[in-house]
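Novice:
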Amino acid sequence: MGFGRYLSARVLWAGVVSLIIVTVTFLMLAAAPNPAVRQAATQAALQGGDPAAAAERARELRGLNEPLHVRYFDFIQSVYTLDWGWSVSRSQPVMEAVTQALYYTAQYSIPWTILTIILGPLVGVYSAANMYSWKDHAATGFAFFGYAIPNFFFGIILLLVFGVWLEWIPITYNTGVPVFSVENAIQLAIPVFVLVTGSIGAVMRVSRNESAEFQNADFMKTAKAKGVSPLRAYAYHVMRPTLVPLSTTLVGQLLALFLGASLLVEVVFAIPGLGRLTYEALIAQDTNLVLGTTLFFTFVAVIGNLIEDLVFTVLDPRISYDDR
Amino acid sequence: MATEESERFDQVDWNDLSRSGRFDLSINSLGMLLTTLPLALLGVYDWQFTGRRTPTFEFIGLDRGLETIDFFFIFTLLLAFWYLVVPLYQNPRMTRYYWKEFKRNRPAVVSLGWLAIVFVGGLFGPLIMDPPQQELLIAYQPPVFTSVVDTTPATCVGEVVSGQCQGTWQHPLGTTQGGKDVFTMIVYGMTISMQIAFITTTIVAVIGVTFGTLSAYAGGWVDEVMMRFVDIILSFPTFLMFLLILYIYGGGLGMFIVVFSLFAWGGMARYVRSKSLSISEEEFIKASRISGASTYQVIRGHVVPNAASSIITNLTLLIPGFLLFEAQLAFLGIGDSAVPSWGQLISAGRSDLSFAPWIVLAPGIVLFLTILAFNFLGDALLDALNPEAEAENA
Amino acid sequence: MADDQSLLEVEDLTTTFSTDNGTLTAVDGVDFSVDTGETVCIVGESGSGKTVATESVTKIIKTPPGQIEGTVRYKGRDLLSLPESELRQVRGNEIAHIFQNPQEAMNHCYTVGWQITEALQIHQDVSDDEARAKAVDLLDRVGIANASARFDDYPHEFSGGQKQRVMIAMALVGDPDLLIADEPTTALDVTVQAQILRLLDDLQDEFDMGILFVTHDLGVVAEIADRIVVMYAGKVMERGDVLDIFDHPGHPYTQQLLECLPEFGATGGGIPGTLPDPHDPPDGCRFAPRCEYAEEACRTGEQPAEIEVALDQHVSCVHYGPGGNPSIVRSEGLGPGDESGSVGGDSEVGPADD
Amino acid sequence: MSRRDIEDRDDSRHVDRRQWLSALGLAGAVTLAGCSGNGGDGGDGSDGGDGSDGGESLTLPDFPEFGVDDLYGRDVAHTLAERAFEESEYDYSFDGDTMVNPDGDQVEINIYHSAGQETSQLTADFIAQELGQNLGISVTVEAIDGTRFNNEYWTQPEPEGGTDTVNGEEVTWENPTPQNPGPRSVTSNESWDMSIVFGLNTYPLNPLTNSVFFDGANPFYNPVGYYPQFDAQELFSQARQATSTDELREAFVEIFENLAYEQPYITLLFSDDIVGYNPDLEGPIENFSNGWDLPAWYEGESNVSGSYDTVTSARFTTLNPLFNTENGAGEAIERALDPAYTFDEEQEYFPLLYDMSTEDGEVWTFDIRENLQFSEPYGQVTAEDFIYLVQELHQADWAPTAASSSWDGVTVEQTGEFQFQATLESSNILWPKTYDPTLYPIPKDLVQPYVEEEDVEGLQQDEELLELQFAGNLGPFELTEWNRGSGTEYVRNDEYYLRDIDEGPDLFSEGPLFEEASISVVQEQASRLGALETGEADSAAIPPEQYESYNQNDNVTVRQVPTPYNTILSVNQRANGWNAGPGNLFQLVPFRQALAAAISKQDLIDGVYRGLASPHFTWQPRWSEFYPVSDE
């Protein structure tokens, strides 16, 4: 089987997975009471009308009186036509809400992801190269520290220290500053730092353990016997194979953090990004927005897994396309 | 050299163990059965005969009720005892070997000590300590050996020295905004953490191992379908799903544990499957199959024991994630704030951080240390159970 | 065979490792030499320090924890005192290595072509095309069919024997003068083993290399060696011309090794006892605890000095030394050697196919 | 409509009339009318009854103050509870200190509080403790999210209505509402016993509005299923007849005495808003009308400079003035669009867009200022715009605008280019104080297309309305950006109409005195306080436990602003309340009195609110002029 066929099979599968997740979300929300209907009933009561009739009207208006499967197909259609409706709790189209929030999320998650992907393996391999020296212990200690300290806890403490006591960083996130400006860098420094410490640990640990295995591998001896310098040996012979197992965990871990940690960091640092958008949509029972953000994250997760699969296949020449 | 020998230790001993379990009811299963029975009876009694809010042990005068979650907790403790602790005792040679490997890793030994404290504290603390009582008048007492401006606490329990309220041993870690003793709350939080750790891992292990081995042994399209299902489970934006479910249906600790476990077993299943596949390729399994062992016997007798050490390691590394998630949800205000978990304490104290930092710092550090300890422990187990990497560079 | 100036001369080579449980002496004052065009075999049981000894030559063992002392003279230069950067110029370029397990010795992430040309591109200023041409040529020479196509294949696409051929190509790409082959055939099927040995033999002639060959298989030794060095627990027990030693093994250890060969009427029991603890080697002769002729003198002091018992045959045994009685060893030890000595001596076939 | 420039408070939730429209109950406090006079609360609160020793001899005064002094404690509570046991048809009793149900088991009930809100949890814990000590009831404390509580426990989306016998009379629920879905037998989805999730507005400025809570057994708002035992309907209709404030006051004394006696909700306290300000800021007052004169506020010197930045905890759902029901968003709207009138620091009517006058309280004349301009192309603000707004939107069935209920039964007609009249169904001399007749100016031409199409969604989603682009010179600032996640930003409106009026502070002629303004949404309380302390924000709410430390902090000036939002213990008198045994003791007046007597208001105030609250005995704060005990 060629790469092309493999790729299309994976993409097809990714589509199926996202469809399933979207369906589950839809069913879950369908099972929950719709606040808009309640609102309509209250409204009618206030005006001396019949709340039950008003609720019925509201249901009709939203198509909630249609059979479930009809609603489902309408819903699926709107999902894939990117017409995600109007967010009641923010008074803007869901699509716009998501893009707007993404704009802020991207500002800290892109530097965060890049730093993690670059620093994690580097520090991990460095740590492995100096296995059991103080450098290794320091790096491992740092990794464990970052991994074990809850992000939100770390965040509020850093905010207290650097924002309130030292006044080095602003406490309220300013959305008005340009993306590429010193102010923006300052206000994003702590959130990015907190996230990087949180995510780098796992990456580092995997790359340290994996590369420890590789640096003791026979092929390292071969390389040395060939006269390869240590730097080149680590860069080519250790780093490269380390990336293979790393790629299988990296994307998943980053994604998990992307959702979990970023939400908390956004809450702590008052960044109006996707995490908070999602959370607030849930709290406000803004059905369209909940579905929209769920969809978004599902797509991200599915695409992330897809990339992971592809990267893994590309990185490890031993995997043939029909194995997976 | 030494490597090969130790590897053989690992396998031989597990095989002995499983062999005894295969032909007759092992002492472990017997013990498990005997201890589970009274628990089940108690559970039925509690469910059927006592009132919804009557303490389970009222008939012997104990004023402490058992909740459903407590029953599960005790059950998982029994499981851990009969299938983890007792086997270690039954195989002193293996135990000694593991211990020797393990104790080389000093941070891990310290971690184990810390976890033992948390475990024992969580198990017995609530039995000997009264639940934290709200006493508004003694809110914001500082921890012992520290002091705060005396306007911070409502009234100062300790001495007031030049406008500074001194901490006392009555409240070694200070009190919260409601005057609850932070130390007591942390001890009660240990119970919650242990419940989360034990119950979720048990559920994850049971589902993961069953699913993984079944998939490996079924093979063919069944395997394919099952693994695709795991793919889907793993693709779920889990945290979001928690939020959604907990939000729509309300979330107590039980709901948290159930939801969490149901989304977390995917990785375990994948792992066990690949492990089973590789083990089933080995000669001794082929031999036992030829000699007529059933699939169940092979799984029960060979696959699970051989994968056991890695499964335990895996689970150890899963636990900190659970604890972290609980704390995060508590921080967002989605968990059940009546559950005295560390996360709830941090969440409740975060607004007071600037003037009463101990309310956040104490549970925060305990949580941090516990997560750290589980990680160190998991790492050490990884090394102890897989000594190849270690031995080679010696 | 021995010239005035050997290609490689190793004197008093000592390699220690510091471990958690103290210092481990893997190689303890070893002497040997290799001449151009000559094949020297280091033989001994697993764990006797042969691999460490050969890897100490170009310092490819890890230091620390390892520490190497003594002199390694290669074409008159002392390798051990060379700075690392110059040493790297020697490795792969002048002295090449082949390792025991070709499966593990190649990096699974790179094509074999990349790995073969790597050494060339490090040491010599060659273009990609030239490197490729040379590698393909070598692949062809070591017997890989359709070499130019297979240049871009990954190691896992080759069979075990083919991999070892690739490894040989990889070693030869820098036109080395000395090839150190560490049990290159152990992991291979016997028929393949014979092919590889033959290939090495051919290539040695073609490239006029010295080969330092490590093995525990005396059958292989009989087939290819010019001279042998018998090691036990980090020490050299006996060294000399292969025929001499096969005919008249001096050291009791050598004798017992030879007895393990079926041709010498082996009973399959092997040598009783185990290797001594390398952290705490016994006093006196290392082999004394397992030696049936051991006397009090064997168990005290240092390893006995080497005695030249015959022309160019050195033995380290108390019984040959001053005050010793070689006949204690010889009389019984010679028995099997005498009767079937010619077998060992003539043997070009060896025990390779058993 | 809001006049309070602070964010909503972190503690319990308050439900105001406007908010019922949103049916979310989330947004926190919304303001109501101004108040005439808040002085005169000299009474020291101890007036109590006579036979206060407990025992059977206990007699309650006309205006019992439960939870303080003689009417607090175990003995009083026990006595009152025993009265309830006698009234009950089931055999409840005390077994020593423990209250037991007919089966002999201890009475166990639960209390809900808002999840994640400290004060709420502390209060619930305190109540549980007090009820345990003084009544021997075992109380389980449970946390719940406000929205969820509202949806599952408090309201019923499809009210059933029905009939029931109340005080011997047949009462019919003809127009059941989600907040009063019918007689006690009609229940919410989930059963619950007690709750402090929601607080309510007591309408001290216009207590007539309280009829929605207590006007008989089937008022608009009665989630707990309370049946008054006094003739509430009659008393309220008497009050409606009043033509002077004195008459009103008289009419209300009896109502509020009865409410104090019957304790439909167990009244606990009024907590004050504690607001921290930038010390350089001139303007804030410690009064309910704080912020009405914002255009005259300044920082440092009284010239135009700087930026007025505030922080708030809740995001804005919409800035569309037609549909907003949230306090915080109301404030954001009013930075750019003035409401029709406000109340000054004396809590007197102050005309902004129009003046209101009446002869008899029934016919009201609205005189619109003549210098009001919408943005182009909508031109001048005229009576026509307001008439159109009332008739075609607020009074239309299809458009669920926030002010719909305010204009129910009101007839409006245009009497001049800048004048119109409104005729009420019955006289109401306090009409302006209900905030009902306040209108946001909306250009007729802007909404007309939607009206013709009856397009609700179009109206809700209209960009110009949402972004207040039509506001012209009608507000102190112009809205430059509404970032849905992080708040609003404004620049000074140089054309502000208020500069040209004759009334009000002199500084109005220069106002507003800031170049810019902003409202930032910051969820974390610690961050909001940090922003206040470091000067990033000019004002933020302060929790009571930090009152002391901020009071001593030079970077912050603290103001204590009384509020009409109460903290109450709601007890479920419907069929699914009281899950501790047969019958529902909550339905019995003496039992509710016992609960009220078992909770020490002063301890609660001292412990949880650090003394920064006042006890609550009836449905009015002490500073209200309708408070039943006056200080003659």
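Protein chains in written order, with my numbering: chain Y, 1084 to 1407; chain G, 9 to 402; chain E, 1180 to 1533; chain D, 465 to 1096.
A virtual CB, placed ideally from N, CA and C, is assigned to each residue, including glycine.
Here the structure is a predicted model, which means the values were calculated and not measured.
Could you check whether T774 (chain D) and I1006 (chain D) sit closer than 8 Å to each other, using their CB atoms as the reference points?
Specialist: no
Novice: According to DSSP, what are the bridge partners of R1311 (chain E)?
Specialist: Its beta-bridge partners do not exist; DSSP assigns none.
Novice: Let me know the secondary structure DSSP gives H1493 (chain E) once reduced to three states.
Specialist: Correct three-state label for H1493 (chain E): strand.
Novice: Using a threshold of 8 Å, state whether the C-beta atoms of G220 (chain G) and S318 (chain G) are closer than that.
Specialist: no
Novice: What's the gap between the Cα of F1392 (chain E) and the Cα of L1326 (chain Y)?
Specialist: 35 Å
Novice: Can at least three beta-carbon pairs, one atom from the stretch 1035–1051 of chain D and one from the stretch 572–581 of chain D, be found at a separation below 8 Å?
Specialist: Contact holds: three or more Cβ-Cβ distances are below 8 Å.
Novice: For S584 (chain D) versus T619 (chain D), is the C-beta spacing smaller than 8 Å?
Specialist: no
Novice: From this set, G:F339, G:F384, G:Q203 and G:G228, which residue's C-alpha is nearest G1343 (chain Y)'s C-alpha?
Specialist: G:F339
Novice: Going along chain Y in order, which residues have a C-beta closer than 8 Å to the C-beta of Q987 (chain D)?
Specialist: In chain order, V1350, A1353 and R1359 make up the part of chain Y whose C-beta sits under 8 Å from the C-beta of Q987 (chain D).
Novice: Under three-state DSSP, which class holds N653 (chain D)?
Specialist: coil
Novice: Under the three-state reduction of DSSP, which class applies to M1410 (chain E): helix, strand or coil?
Specialist: Reduced to three states, the DSSP call for M1410 (chain E) is strand.
Novice: Under a three-way DSSP split, which group does A981 (chain D) fall into?
Specialist: strand
Novice: CB-CB under 8 Å to M1388 (chain E), same chain, minus the five flanking residues each way: which ones, in chain order?
Specialist: The beta carbon of M1388 (chain E) is closer than 8 Å to those of T1215, G1216, P1355, D1356, L1357, L1358 and L1382 in its chain, skipping five residues each way along the sequence.
Novice: Closer than 8 Å, CB to CB, is D344 (chain G) near chain D or not?
Specialist: yes
Novice: Helix, strand or coil, according to DSSP, for Y1029 (chain D) in the structure here?
Specialist: strand
Novice: Suppose you measure from the CA of P1108 (chain D) to the CA of N644 (chain D); what does that come to, to the nearest Å?
Specialist: Only positions 465 to 1096 of chain D appear in the structure, and residue 1108 (chain D) is not among them; the question remains open.
Novice: Please classify P1451 (chain E) as buried or exposed, where buried requires at least 16 other C-beta atoms within 10 Å of its C-beta.
Specialist: exposed
Novice: In chain order, what residues of the stretch 1002–1031 of chain D put their CB closer than 8 Å to some CB of chain G?
Specialist: P1007, E1009, Q1010, E1012, S1013 and Q1016
Novice: Could you pull out every residue in the same chain whose Cβ sits closer than 8 Å to the Cβ of A1295 (chain Y), ignoring the five residues on either side in sequence?
Specialist: For A1295 (chain Y), where only same-chain residues beyond five positions count, the Cβ hits under 8 Å are A1211 and M1214.
Novice: At the level of alpha carbons, what is the spacing between S37 (chain G) and Y91 (chain G)?
Specialist: 8 Å
Novice: Pair every Cβ in the stretch 1306–1320 of chain E with every Cβ in the stretch 1258–1275 of chain E, then say whether three or more of these pairs are closer than 8 Å.
Specialist: Judged by Cβ distances under 8 Å, the stretch 1306–1320 of chain E makes no contact with the stretch 1258–1275 of chain E, as fewer than three pairs qualify.
Novice: Do V1251 (chain E) and V1231 (chain E) count as a contact pair if the criterion is CB distance below 8 Å?
Specialist: no
Novice: Looking only at DSSP bridge pairs, what is R1377 (chain E) linked to?
Specialist: BP columns for R1377 (chain E) are empty, so no partner.
Novice: Using a Cβ-Cβ distance under 8 Å, would I1239 (chain Y) count as near chain G?
Specialist: Output row for I1239 (chain Y): interface = yes.
Novice: Per DSSP, W1169 (chain Y) forms a beta bridge with which residues?
Specialist: Y:P1176
Novice: Apply the 10 Å Cβ neighbour rule to Y97 (chain G) and answer buried if 16 or more other Cβ atoms are within range, or exposed otherwise.
Specialist: exposed
Novice: Helix, strand or coil for W946 (chain D)? Go by DSSP, reduced to three states.
Specialist: strand
Novice: Between the alpha carbons of F191 (chain G) and A1222 (chain Y), how many angstroms are there, rounded?
Specialist: 32 Å
Novice: Alpha carbons only, please: which of D:Q697, D:S735, D:G1071 and D:D808 is nearest the one belonging to D757 (chain D)?
Specialist: Out of D:Q697, D:S735, D:G1071 and D:D808, the CA that lies nearest to the CA of D757 (chain D) is found in D:D808.
Novice: Would you grab the beta carbon distance between G1375 (chain Y) and V1181 (chain Y) for me? Rounded to a whole angstrom, and I think it's under 8 Å.
Specialist: 6 Å
Novice: Looking only at its chain, what residues have a beta carbon closer than 6 Å to the beta carbon of H1379 (chain Y), apart from the 5 residues adjacent to it on each side?
Specialist: The sequence shown places Phe at residue 1379 (chain Y), not His. Answer for F1379 (chain Y): V1181, listed in chain order.
Novice: Would a check of beta-carbon distances place W1285 (chain E) closer than 8 Å to chain Y?
Specialist: Reading off the sequence, residue 1285 (chain E) comes out as Met, not Trp. Answer yes: the Cβ-Cβ gap between M1285 (chain E) and chain Y drops below 8 Å somewhere.
Novice: Consult DSSP for G740 (chain D) and reduce its assignment to one of helix, strand or coil.
Specialist: strand
Novice: At a CB-CB cut-off below 7 Å, which residues of chain D make contact with T159 (chain G)?
Specialist: E1012 and S1013
Novice: Excluding five sequence neighbours on each side, which residues of the same chain lie with their C-beta closer than 6 Å to the C-beta of Y1187 (chain Y)?
Specialist: Residues I1354, P1355 and G1356 of the same chain have their beta carbon placed closer than 6 Å to that of Y1187 (chain Y), with the five preceding and five following residues left out of the count.
Novice: List, in order along the chain, the chain Y residues whose C-beta lies closer than 9 Å to that of Y1333 (chain E)?
Specialist: Taking a Cβ-Cβ threshold of 9 Å, the residues of chain Y close to Y1333 (chain E) are P1400 and R1401, in chain order.
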